[in-house]
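Visitor:
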Amino acid sequence: MEKKHLFLLFSIIFLMMLGFGIIIPILPFFVTKIGATTTQLGILSASYNIMQFIFAPIWGRLSDKYGRKPFILLALFGFSASFILFGFSTNYYEMLFYRVLAGITSAAGIPTITAMVADIFPPKERAKGMGIVGAGVGLSFVFGPALGGILGDISLSLPFFVSGVLAFITLIFTWILLPESLPKEKRGTYLKKKPTSSLGAIFSNLGLLYQIMLVTSLAFAAMETVFALYISYEFGLTSKDMGYMFLIMGLISASLQGGIGKLVKRFGESKLLATGIFFYVLGFFCVLLASTFLEFALTLCLFGLGQGMMRTTNTAMISQRTPDGQGATSGNMSAMDTMGRIAGPILAGWLFTFSHSMPFIISGILCFGLLAVYLGRVHHLPEPEPESEADAYSPASQ
986 MEKKHLFLLF SIIFLMMLGF GIIIPILPFF VTKIGATTTQ LGILSASYNI
1036 MQFIFAPIWG RLSDKYGRKP FILLALFGFS ASFILFGFST NYYEMLFYRV
1086 LAGITSAAGI PTITAMVADI FPPKERAKGM GIVGAGVGLS FVFGPALGGI
1136 LGDISLSLPF FVSGVLAFIT LIFTWILLPE SLPKEKRGTY LKKKPTSSLG
1186 AIFSNLGLLY QIMLVTSLAF AAMETVFALY ISYEFGLTSK DMGYMFLIMG
1236 LISASLQGGI GKLVKRFGES KLLATGIFFY VLGFFCVLLA STFLEFALTL
1286 CLFGLGQGMM RTTNTAMISQ RTPDGQGATS GNMSAMDTMG RIAGPILAGW
1336 LFTFSHSMPF IISGILCFGL LAVYLGRVHH LPEPEPESEA DAYSPASQ
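Under my numbering, the first residue of the sequence shown carries the number 986, and numbering increases by one thereafter.
Right, here's the structure in full:
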């Protein structure tokens, strides 16, 4: 049952996020064709992430009470409806409304899928499960933008319609094939306790791990925001060059996450997490030394290695130390990631006006400080929760 469950979750999250990846290269052109300004484009992007930040913990907590599957279906329905409606939009305010709708509903997706992995796998095997699901996300962002670019050459609306149909097909596929992972007798037990809010999670006994998710998401989002401008202004490279670089980075990250289980068994989550942060630090400072396509591609490989090691192990470490309420925990993790993706682009845009190198310098310093704090405080983290009999008899082991 383990391989069956994992393949289903991998397929669902790959198809779900593939639709999201398809619209990435098209969204700016689709929005500006109606006369929207770059500021309005920024508001449109921020609105999606803000809704994700607000609603991911809410959906996660509700999935602890009502089960995981209904909220995965909700996310897929929201993706499908909002993409198709967005494709028919003719003015900015329609687009803003549908983007907000997408942010609210899609916020139910990744947290509940992450919680489902935690339901299925006992604590010692969660890194493997998180890695495979993470690889699905990574691969969707490798192939999605490339497919979006091809479809956008035919029509700027076509990628949105294809994404909507893809999400609807995935909804049917999920409804028929995916079993519920949270037994009725386990539902709602966590809600008897007062749930930790997303901001409260930063200062909890697992705050260090949540801080890692927040800071690394912020730093990477900052890099993504200005990287194309940096390589264009400073070295004359094109967005097409950047696409190839990110393709290489995505493949490395997805491949590493897919095989993270073996690395965890050999080195342990804690060492891999520290190594992943170190690769981020190295990547930010190597960007400043690179000047050719090959050098930048090799530099982005460092980020691919860092992502592959860090995101999966960090998620697994938080999950292992949470006895109940995996949905709420996954929602808080998603909120940290989203908070970083809201703040990172704003910070990068502001720093870029002072110096084209400044976003990378500040991001590198932030990650270096984070690594130092982690190495100093990792031994104070709570021990992982012991496996219960229920864990030992999880669906994955049947």
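Ideal Cβ positions, reconstructed from N, Cα and C, are used throughout, including at glycine. Bear in mind the structure is a predicted one, so any value in this text is a computation, not a measurement.
Measuring only the C-alpha atoms, how far is GLU1209 from GLY1129?
Guide: Cα-Cα distance, rounded: 16 Å.
Visitor: Assign PRO1164 to one of three DSSP states: helix, strand, or coil.
Guide: Here PRO1164 sits in coil by DSSP.
Visitor: So what's ARG1053 in DSSP terms, helix, strand or just coil?
Guide: Of the three classes helix, strand and coil, the one that applies to ARG1053 here is coil, per DSSP.
Visitor: Closer than 7 Å by C-beta to ALA1320: which residues in its own chain qualify, once you throw out the five before and the five after it? Chain order, please.
Guide: Cβ within range, chain order: PHE1038, ALA1041, PRO1042, SER1183.
Visitor: Between the C-alpha atoms of HIS1364 and LEU1267, what's the straight-line distance to the nearest angstrom?
Guide: HIS1364 and LEU1267: Cα-Cα distance of roughly 24 Å.
Visitor: Between the alpha carbons of ASN1299 and GLY1354, how many angstroms are there, rounded?
Guide: When rounded, the distance between both Cα atoms is 17 Å.
Visitor: Would you call GLY1027 buried or exposed, if buried means 16 or more other Cβ atoms sit within 10 Å of its Cβ?
Guide: Its Cβ having fewer than 16 others within 10 Å, GLY1027 is exposed.
Visitor: How would you write the range of the alpha helix (DSSP H) that ILE1011 sits in, first residue to last?
Guide: Per DSSP, ILE1011 belongs to no alpha helix (DSSP H) and is neither H nor E.
Visitor: Between which residues of its own chain and TRP1160 is the CB-CB distance below 7 Å, once the five residues before and five after are set aside?
Guide: So the list reads LEU1058, once near-sequence residues are dropped.
Visitor: Beta-carbon separation of LEU1290 and PHE1252 under 8 Å?
Guide: No; because the gap between Cβ atoms is not below 8 Å, this pair is not in contact.
Visitor: Nearest CA to the CA of LEU1156: which residue from SER1074, ILE1069, PRO1055?
Guide: Minimum Cα distance to LEU1156 is reached at PRO1055.
Visitor: Between the alpha carbons of LEU1061 and GLY1293, how many angstroms are there, rounded?
Guide: If you take the alpha carbons of LEU1061 and GLY1293, they lie about 26 Å apart.
Visitor: Quick test of the definition: if touching needs 3 or more C-beta pairs under 8 Å, does the stretch 1081-1091 touch the stretch 1344-1362?
Guide: Touching, no.
Visitor: According to the neighbour-count rule (16 or more other Cβ atoms, all chains shown, within 10 Å of its Cβ), is PHE1014 buried or exposed?
Guide: Exposed: under 16 other Cβ atoms inside 10 Å.
Visitor: At what residue ranges does the stretch 1222-1247 contain a whole run of the alpha helix (DSSP H), taking only runs of 4 or more?
Guide: Segments of the alpha helix (DSSP H) lying fully in the stretch 1222-1247: 1224-1243.
Visitor: Candidates ALA1092, GLU1110, VAL1211: which alpha carbon is nearest GLY1244's?
Guide: Checked all of ALA1092, GLU1110, VAL1211; the closest Cα to GLY1244 is GLU1110.
Visitor: Flag this pair as yes or no: are the beta carbons of LEU1285 and ILE1233 separated by less than 8 Å?
Guide: Their beta carbons are under 8 Å apart, which means LEU1285 touches ILE1233 by this criterion.
Visitor: DSSP three-state label for ILE1395, please.
Guide: Any property of residue 1395 remains undetermined from this structure, which presents the chain solely from 986 to 1383.
Visitor: Check the C-beta distance from ILE998 over to GLY1133 and give it rounded, since I have them as a contact under 8 Å.
Guide: With 8 Å as the limit, ILE998 and GLY1133 do not qualify as a contact, their Cβ atoms being about 18 Å apart.
Visitor: Which residue's Cα is closest to the Cα of LEU1203: LEU1136, ASP1322, ARG1306, LEU1047?
Guide: The candidate whose alpha carbon is nearest that of LEU1203 is ASP1322.
Visitor: Taking 8 Å as the threshold (C-beta atoms), are PHE1064 and ALA1152 in contact?
Guide: In contact: ALA1152 and PHE1064 (Cβ atoms closer than 8 Å).
Visitor: Measure the C-alpha to C-alpha separation of SER1142 and LEU1162 and round it to an integer number of angstroms.
Guide: Going from the Cα of SER1142 to the Cα of LEU1162 covers about 31 Å.
Visitor: Look up GLY1027 in the DSSP assignment and say whether it is helix, strand or coil.
Guide: It is helical.
Visitor: How would you write the range of the alpha helix (DSSP H) that THR1284 sits in, first residue to last?
Guide: Run containing THR1284: 1278-1305, per the alpha helix (DSSP H) assignment.
Visitor: Output the distance between the C-alpha atoms of ILE1187 and GLY1316, rounded to the nearest integer angstrom.
Guide: Between ILE1187 and GLY1316, the C-alpha separation is close to 13 Å.
Visitor: Do TYR1078 and LEU1193 have their C-beta atoms within less than 8 Å of each other?
Guide: No, they are not a contact pair.
Visitor: Round the Cβ separation of MET1230 and VAL1122 to the nearest angstrom and send it over; I've been treating them as touching at under 8 Å.
Guide: Wrong, their Cβ atoms sit about 19 Å apart, outside the cutoff.
Visitor: Would PRO1367 count as contacting chain D if we go by Cβ distances under 8 Å?
Guide: Absence of chain D from the displayed structure is noted, only one protein chain being present.
Visitor: Would you kindly check if the distance between the Cβ of GLY1088 and the Cβ of SER1030 is under 8 Å?
Guide: Not in contact: SER1030 and GLY1088 (Cβ atoms no closer than 8 Å).
Visitor: Here's a check: name, in chain order, each residue in its chain whose Cβ is nearer than 7 Å to the Cβ of LEU1167, leaving out the five neighbours to either side.
Guide: Correct list, in chain order: GLY1052, ARG1053, ASP1104.
Visitor: Straight-line CA distance for ALA1301 to GLY1020?
Guide: If you take the alpha carbons of ALA1301 and GLY1020, they lie about 44 Å apart.
Visitor: Are MET1198 and MET1343 close, meaning C-beta to C-beta below 8 Å?
Guide: Contact flag unset, no.
Visitor: I'd like the list of long-range same chain contacts for PRO1380, defined as Cβ closer than 7 Å, with 5 residues on each side in sequence excluded.
Guide: With a pLDDT of 40 at PRO1380, under the threshold of 50, the modelled position of this residue cannot be trusted, and the question is left open.
Visitor: Starting from PHE1220, trace the alpha helix (DSSP H) both ways and give me its first and last residue.
Guide: Unbroken alpha helix (DSSP H) run through PHE1220: 1192-1220.
Visitor: Taking 7 Å as the limit between beta carbons, can you name the residues of its chain near MET1324, skipping five residues before and five after?
Guide: Hits under 7 Å: PHE1038, LEU1199.
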